[in-house]
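**Q** The sequence shown begins at 0 in numbering that gives the first Met the number 0 and counts up one residue at a time.
Here it is, the structure, as structure tokens.
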Amino acid sequence: MTTDRDYRIDADAPIGVFDSGVGGLTVLREIIQQIPNERLIYFGDTARVPYGSKSKETVTRYSRQIVRFLESFGVKTIVVACNTASACALEELERESRVPIIDVIRPGARSACQVTHNGRIGIIATETTIGSQVYNRYITRLNPKATIVEKACPLFVPLVEEGLWEDPVTDEIARRYLTELIDRDIDTLILGCTHYPLIRATVGRVMGEKVRLVNPAYETAKTLKEMLKERDLLRGRPHVLGEDQYRFYVSDEAEKFKRFANSIIKYGILSAKIVNIEEY
Ligand code: DGL
């Protein structure tokens with residue numbers, strides 16, 4: 000582990016990305032799309048997923064451990080590709096980390112405010128994210144007149160982690176959760192959990208085509224790119240063959256994670272290594 004004094008960041012250093020499981024891969028996918036030269040290190044906390052039903056203190060402790068783990072690679076920035084961790088731990092992470100931290104909530108709130116016509120915005124997320132009211136705060140700051148309708152969807156994450164992306168069970172649960180949002184005249188719905196883009200088709204079917212779905216991943220990757228550019232940290236040179244461009248770490252079930260990751264990111268992920276994250 001590097002000490003504060005010798006922690007130097009340069010454009011060639013990798014970017015750290017983390018989530019409680021596979022959800023953050025939807026953000027990683029967007030980062031690869033927008034800044035393909037970057038080296039990325041992904042950590043999925045597969046042993047401790049889901050975060051969305053845990054307390055702020057627990058999620059903050061987990062997030063701090065992961066940031067320490069990612070910093071041990073000399074990363075130049077860290078993307079918290081998890082709404083729940085962003086909602087619970089952002090302030091602590093920004094205070095403690097040696098590198099800039101990018102979250103997914105501020106970019107998601109920004110996107111929704113740009114997209115909505117009638118100012119009526121829905122948010123679906125984990126119980127902990129909804130309970131934190133963080134989306135609410137950011138949206139109201141950007142548009143004090145916005146009407147916000149929130150709904151926690153705790154079963155979505157286990158359904159996604161089980162691979163039931165297109166399944167009658169997921170359809171049924173989505174109808175139960177979302178029907179009350181349909182009656183509230185929202186024209187925009189934030190997918191406020193990075194797992195949810197994987198069931199976007201189901202959510203879209205239930206909500207109908209008049210409701211725009213906002214996936215914060217695009218705006219997050221854009222924010223990341225702009226921040227790196229401003230600090231002169233964008234990696235200019237393309238990857239060379241054999242270079243370890245994307246590395247994946249998990250806290251459990253590496254094989255299962257690898258299978259999932261390969262169906263989300265089309266880059267032939269060859270390995271995912273297990274880490275004892277409690278050591279960090
Ligand atoms: N994907 C995460 C999020 O964006 C966490 C889901 C969970 O672990 O409950 O909130």
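Glycine residues also receive a C-beta, built at the ideal position from the N, C-alpha and C atoms.
1) Using DSSP bridges, identify the partner residues of leucine 24.
2) In chain order, what residues of the same chain have a beta carbon less than 7 Å from the beta carbon of arginine 109, not counting five sequence neighbours either side?
3) How many Å lie between asparagine 117 and alanine 216 at the Cα?
4) Could you tell me if valine 239 is buried or exposed, where buried requires 16 or more neighbouring beta carbons within 10 angstroms of its beta carbon?
5) Taking the alpha-carbon of leucine 177 as reference, which of His194, Ala151, Cys87 and Glu160 has the nearest alpha-carbon?
6) Give the DSSP-derived three-state secondary structure of isoleucine 263 in the structure shown.
7) Please give the ranges of any beta strand (DSSP E) in the stretch 229 to 261, keeping only runs that are unbroken, at least 3 residues long and fully inside the region.
8) I need the DSSP call for valine 274, collapsed to helix, strand or coil.
9) So is valine 26 buried or exposed if we call it buried at 16+ other beta carbons inside 10 Å?
10) Roughly how many whole angstroms lie between the Cα atoms of valine 66 and valine 74?
11) Any chance the CB of cysteine 81 is under 7 Å from a heavy atom of the ligand DGL?
12) I want to check one thing, is the minimum distance from the CB of threonine 45 to the heavy atoms of the ligand DGL below 7 Å?
13) For aspartate 44 and alanine 200, what's the separation of their Cα atoms in angstroms?
14) Apart from the five residues on each side of it in sequence, which residues of its chain come closer than 7 Å, Cβ to Cβ, to proline 196?
15) Strictly by DSSP, which residues pair up with tyrosine 41?
16) Can you tell me which of the three DSSP states glycine 287 falls into?
17) Glycine 191 by DSSP, collapsed to three states: which one?
**A** Checking against the coordinates, here is how it stands:
1) Against the sequence shown, residue 24 aligns to sequence position 25. As far as DSSP is concerned, leucine 24 takes part in no beta bridge.
2) In the sequence shown, counting from the first residue as 1, residue 109 sits at position 110. Taking arginine 109 as the centre and dropping the five residues before and after it, the same chain places the C-beta of Leu141 and Glu218 closer than 7 Å to its C-beta, in chain order.
3) On the sequence shown, residue 117 is found 118 positions in, with the first residue counted as 1. On the sequence shown, residue 216 is found 217 positions in, with the first residue counted as 1. Distance between the alpha carbons of asparagine 117 and alanine 216 is about 23 Å.
4) Translated into the one-based positions of the sequence shown, residue 239 becomes position 240. With fewer than 16 Cβ atoms within 10 Å of its Cβ, valine 239 is classed as exposed.
5) Here residue 177 corresponds to residue number 178 of the sequence shown, with the count starting at 1. For the residues His194, Ala151, Cys87 and Glu160, the minimum Cα distance to leucine 177 belongs to Ala151.
6) The residue labelled residue 263 in the question sits at position 264 within the sequence shown. DSSP places isoleucine 263 in helix when its eight states are reduced to three.
7) Secondary structure within the stretch 229 to 261: the beta strand (DSSP E) runs of 3 or more consecutive residues, fully enclosed, are 245 to 249 (chain order).
8) Here residue 274 refers to the residue found at position 275 when the sequence shown is read from its first residue. Three-state DSSP puts valine 274 in coil, outside helix and strand.
9) Indexing the sequence shown from 1 puts residue 26 at position 27. Taking a 10 Å sphere around the C-beta of valine 26, we find 16 or more other C-beta atoms and assign the residue as buried.
10) Numbered from 1 along the sequence shown, position 67 holds the residue referred to as residue 66. Numbered from 1 along the sequence shown, position 75 holds the residue referred to as residue 74. Computed Cα separation, rounded: 10 Å.
11) Counting from one through the sequence shown, the residue named residue 81 turns up at place 82. Distance from the C-beta of cysteine 81 to the nearest heavy atom of the ligand DGL is below 7 Å.
12) In the sequence shown, residue 45 corresponds to position 46, counting from 1. Threonine 45 Cβ: outside cutoff for every heavy atom of the ligand DGL.
13) Within the sequence shown, numbered from 1, the residue matching residue 44 stands at position 45. Within the sequence shown, numbered from 1, the residue matching residue 200 stands at position 201. For aspartate 44 and alanine 200, the distance between alpha carbons rounds to 25 Å.
14) By one-based count along the sequence shown, residue 196 stands at place 197. Cβ neighbours of proline 196 beyond the five flanking positions: Thr25, Leu190, Asn214 and Ala216.
15) Along the sequence shown, read from residue 1 onward, the residue named residue 41 stands at position 42. Looking at the DSSP assignment, tyrosine 41 forms a beta bridge with Val16 and Phe247.
16) The structure shown has nothing for residue 287, since the chain only spans 0 to 279.
17) By 1-based counting over the sequence shown, the position of residue 191 is 192. Reduced to three states, the DSSP call for glycine 191 is coil.
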